[in-house]
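Participant: These protein sequences, in sequence, are chains S and U.
Take the first sequence: its position 208, counted from the start at 1, is 1218 in the working numbering, and no numbers get skipped.
Take the second sequence: its position 359, counted from the start at 1, is 607 in the working numbering, and no numbers get skipped.
Note that CB positions come from ideal geometry on N, CA and C, so glycine has one too.
This is the structure, below, for whatever I ask next.
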Amino acid sequence: MLAGILRRVARRLLASIPALFGVVVVTFVLMRVLPGDPAVFFSSGPSAGKEEIEELRRSMGLDKPIPVQLVRYLGEVATGNLGRSMTTGQPVVLDMTRRLPASLELTCTALFIALMFSVPLGVAAALRPGTPVDHIVRMLCTLGVCVPTFVSGLLLIYAFYYLLGWAPDPTGRIDIFAAAPPDITGFFLIDFALKGDWEGWWAAFSQLLLPACTMALFVLAPLARMTRASMLAVLGSDFIRTAHAMGLSRIRIIVAYALRNALLPVLTITGIVFSTMLGANVLVEKVFSWPGVASYALDALLASDYAPVQAFVLLMAMIFVLVNVTIDVLYGIADPRVSVS
Amino acid sequence: MKRRVLLQGAAGAAFLAGGTWPASAQTRAETLRYVTGATINTLDTTMPGATREAFGLSMNVYDRLFSFGRKKVGENWAFDPDTIRGELAKSYSISPDSKVITITLRPDATWHDGSPVTAEDVKWSLDRHVTAKSLAAPQFTTGSLTKADQFKIVDPQTVTVTLDKPDRLALANLCVCYAIMINSKLAKKHATADDPWATEWMKTNTAASGAYIIESHKPGESTVLRRNEKWVGGAGGALPSFKRIIIQTVPEPATRANLIERGDADLAIDLAASDLPTIEKSAKSKVVSIPQTNGFTHVSMNTQMAPFDNLKVRQAVAMALPYEDMFKAAIFGRGTKLYGGTWATVPPDASFPQAIPNKTDLAKAKALLAEAGHPNGFSTTFAFTAGQTATAEPMAALIKESLGKIGIQVEIQKKPDAEFNTLESEKKMPFFTDGATAWLPYTYYFFYLYFTRDQRWNFASFKSKKMEDLTLEARYQTDKAKYEEGCKQMIELFNAETPLIMLWQPNHDAVMAKSVDGYTYQFYRQADFRDLKRV
């Protein structure tokens, strides 16, 4: 059974390689047809003349025709070299390895918080459709999805940091005066826990809470609505009626029979939500000075800094593939009739 | 929450078990936390692509041979390009023909690694600036510093700089951000055959002697500096007041404003203008507003492109701009006006930028437009960069409305920064707004940089033989009266030809905790931590 799953996972991953290749090529070409010349942008010093711009273009390899650049780039990607960022001056791989854990930690926490609230809310709404409970849930979801994340983020900062002073200052992953944990996994919560530094863990956690809540608010709606819809469908089906007729306890019917069957579409949506969050949380990262990959890519895009943008898109594509495969495996666990292939 | 309270409350306590602060920890009061929206992308400012933040860092970490002094402008401090003092240089003398500068080094100066600063290091650094492929080389040409053999070692403490002609900007060029002095023994260890000037290594490492030493550097997040206790380059040999500097990137301006207002951060210089009134009223923070004496915001017209190749069209536009409304709407009146001058053709003095005699007069503008052969106006585009939206957007709307009244139809184009810069450099925009600041704010240099030659900073693509001659003449002019006369002629020519329309010098607004004092406006528009103190 396990070997079968692994084999299928491997096959799925192999099959995704052409798609990834396509993503690399399309991004590469797209970046170069966008208006804006990075050589001009980055040689903006007060004495940068034509020659200096040409020189920079040469050193960035942009003086060659695009096909030549593409072949060279593909060769470098194959050897794991994603180029150097002009915006930070560091190799892109180094930037990514430092920033991806920050984004993942934020996204996972936000997703966890969102699921903690949306599934119970969705179930509650489904159990009493049309009642005030249902309306309140609907209102909450609409609010969450209507308010842009930068607005809710700034509001939360204003309330909890500026007015009340409960939250630490919303700048980055840890208090600037405190020490960062040893770099083990890059996830601060895990690293602090491994080190046994619970004071540090709490500091990192309280820093994480506001941005994670901001993001969770935004994705509450799709998750809760999907849970509600799918629960309603399942609750109306024959086997639930039978279970009721058999006199099973209400809790057992809802959790063991209805919810388990209703979770499949929620899982699918969760996968999509996770991938979108990782790329789309740029506003949250900006508002909270979170050193993540999305704000990194946006800065690079505005500056026509090719290498980081290309690397970011490639990274997102890879994560998308991985998330999809994971969701498929989880499907199999939730519903044994579904096979990974 | 206990932790936070401790941090804020015990402003003095050397707190934080397991923190990064060393045993002899600096207190919060001795630490300056500076928040900025930008990123320090290189430690070697001479390399193409260096950001303004990188310049600011370099000034604090590296020494140059010389430094500009500072002067009071109203209540506040600004750099003074007319006084030049030694930084790594103890003293200097200039030969009677103004061609040889003899520089004596400070005998007690050391690099961060403890080794002494020698004439050999200085020669190597200067050689690097004129030889290596860097932005220092083109900058240094504006001071006639072009070849390595101009720099000679006399003895271990003395260097001479020899000029072909008495260039008035030679000394000033040794003060700018590119003119860093490098520990040559350290840098040479990391040089390779392909890279004899160690440019790769210096992007991420320093070989410096300046007031601060980099303790940690995470681009896009934070950079931590500690004071160099052996620094001797200060005015009067004084050490800077702050022992530790934390430079933190906080992209959101509203968050930066919150941090300052709450008293958690000490200094920010790039807040939104709309946040300033609130901060001025706040109990914990203050705003220091200093006119950017070396800068100007302008509306440029491409003098090589119809219809702006016609002088009368340019003059008509200059008379149709709603100056007062723009000044209020775009920068809330926080700046110095460069319009509404009270002279007609001959400027009162040789300073530049100064107020040009432009004022709104729609009737006259319409008449000029008719004379130019456009009685019914024409259509054009007006571009600005997305990075300047806050000021340029209201300005563009007002320009569109006002020019509409004399028949000129304006389409507003907001462009991403990289695209705007490309178009500007390729001279493809007919009509646009931008800002500029000159590192060396001498009248001759302004005209040389912004109104001569076919190069990027000639915004209006202005071509004038007379202007070229005047700037060339002024460059090597050693007679002060003759130099000033030439400068006045440049201003006169500029006013007569109207290649671009001067609007204002925006204020440099530095926002800081009430306890921070001594902020100085510098030509590179960044905070100089060496001047700051807590009172």
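1. Could you tell me whether any Cβ in chain S is nearer than 9 Å to the Cβ of A634/U?
2. Whose C-alpha, out of S627/U, I739/U and L646/U, is nearest the C-alpha of T719/U?
3. Whose Cβ in chain U lies nearer than 8 Å to the Cβ of K1074/S?
4. Given a limit of 9 Å on CB to CB distance, which residues of the region 381–413 of chain U reach chain S?
5. What are the complete beta strand (DSSP E) segments, minimum 3 residues, inside the region 667–722 of chain U?
6. Looking at chain S, is there any beta carbon in it that lies within less than 9 Å of the beta carbon of K466/U?
7. Report yes if the CB atom of A455/U is closer than 9 Å to the CB atom of N476/U, and no otherwise.
8. Check whether the Cβ atoms of L1227/S and T1159/S lie closer than 9 Å to each other.
9. Closest Cβ-Cβ distance between S272/U and chain S: below 9 Å?
10. Which residue's Cα is closest to the Cα of A592/U: G581/U, N606/U and A598/U?
11. In terms of alpha-carbon separation, which member of A744/U, I527/U and E745/U lies closest to V759/U?
12. Taking P329/U as part of the beta strand (DSSP E), name the residues at either end of that continuous run.
13. Between the C-alpha atoms of Y767/U and I517/U, what's the straight-line distance to the nearest angstrom?
14. Got a sec: which bits of the region 1078–1102 of chain S sit with their beta carbon under 7 Å from any beta carbon on chain U, in order along the chain?
15. Using the beta-carbon count (16 or more within 10 Å), is T637/U buried or exposed?
16. At the level of alpha carbons, what is the spacing between L1269/S and M1241/S?
17. Which complete beta strand (DSSP E) runs does the region 1175–1216 of chain S hold, if anything under 3 residues is left out?
18. Counting Cβ pairs, one atom from each stretch, are 3 or more of them under 8 Å apart for the region 493–504 of chain U and the region 1181–1197 of chain S?
19. Residues of chain U with CB closer than 9 Å to the CB of P1180/S, please, in chain order.
20. Using the Cα positions of A418/U and M1041/S, report the straight-line distance between them to the nearest angstrom.
21. Whose CA, out of F556/U, A435/U, W445/U and Q703/U, lies closest to the CA of F630/U?
22. Quick one: grab the DSSP three-state call for W834/U.
23. Can you name the start and end residues of the beta strand (DSSP E) that F544/U belongs to?
24. Along chain U, in chain order, which residues have C-beta atoms closer than 9 Å to that of E1062/S?
25. Which of the three DSSP states, helix, strand or coil, is assigned to V1157/S?
26. Would you call the CB atoms of D665/U and T633/U closer than 9 Å?
27. At least one CB of chain S closer than 9 Å to the CB of R664/U: is that the case?
28. Say whether chain S places a C-beta atom closer than 9 Å to the C-beta of T639/U.
29. Using a Cβ-Cβ cut-off of 7 Å (strictly less than) and excluding sequence neighbours within five positions of M677/U, which residues of its own chain qualify?
30. CB G625/U to CB I656/U, shorter than 9 Å?
31. Can L707/U and D682/U be called in contact, C-beta distance under 9 Å?
32. Please state whether DSSP places F771/U in a helix, a strand or coil.
33. Let me confirm a value: V1323/S is counted as buried when at least 16 other C-beta atoms fall within 10 Å, else exposed. Which label applies?
34. Going by Cα to Cα distance, which pick from P595/U, T379/U and A420/U is closest to A744/U?
35. Just checking: is the beta-carbon of A631/U within a distance shorter than 9 Å of some beta-carbon in chain S?
36. Note down the Cα distance separating A427/U from L291/U, rounded to an integer number of angstroms.
Facilitator: Taking the geometry as given:
1. Yes, A634/U lies at the interface with chain S (some Cβ there is under 9 Å from its Cβ).
2. Closest by alpha carbon: I739/U.
3. Under the 8 Å cutoff, chain U gives no residues; its nearest Cβ is about 18 Å from K1074/S.
4. K381, S382, L383, A384, A385, P386, Q387, F388, T389 and T390
5. 679–685
6. So, interface residue.
7. no
8. yes
9. Residue placement at S272/U is poorly supported in this model, since its pLDDT is 42, which falls under 50; the coordinates are not used for a value here.
10. Closest in alpha carbon position to A592/U, among G581/U, N606/U and A598/U, is N606/U.
11. I527/U
12. Here the beta strand (DSSP E) through P329/U covers N324 to G334.
13. 11 Å
14. M1096, T1097, T1098, G1099 and Q1100
15. Classification for T637/U: exposed.
16. 7 Å
17. Fully enclosed beta strand (DSSP E) runs of 3 or longer: not present.
18. Cβ pair count under 8 Å is three or more, so yes.
19. V498, E500, T503, N506 and L507
20. 42 Å
21. F556/U
22. Nothing in the structure corresponds to residue 834/U, since chain U is present only between 249 and 783.
23. Per DSSP, the unbroken beta strand (DSSP E) holding F544/U starts and ends at G543 to M549.
24. P296, K381, S382, L383, A385 and P386
25. coil
26. yes
27. Position check: residue 664/U holds Pro in this sequence, whereas Arg was assumed. Yes, contact with chain S.
28. no
29. N550, A631 and L671
30. yes
31. A quick correction: the sequence has Phe, not Leu, at residue 707/U. Result yes, Cβ atoms of F707/U and D682/U sit closer than 9 Å.
32. coil
33. buried
34. P595/U
35. It does not; no Cβ of chain S falls within 9 Å.
36. 14 Å
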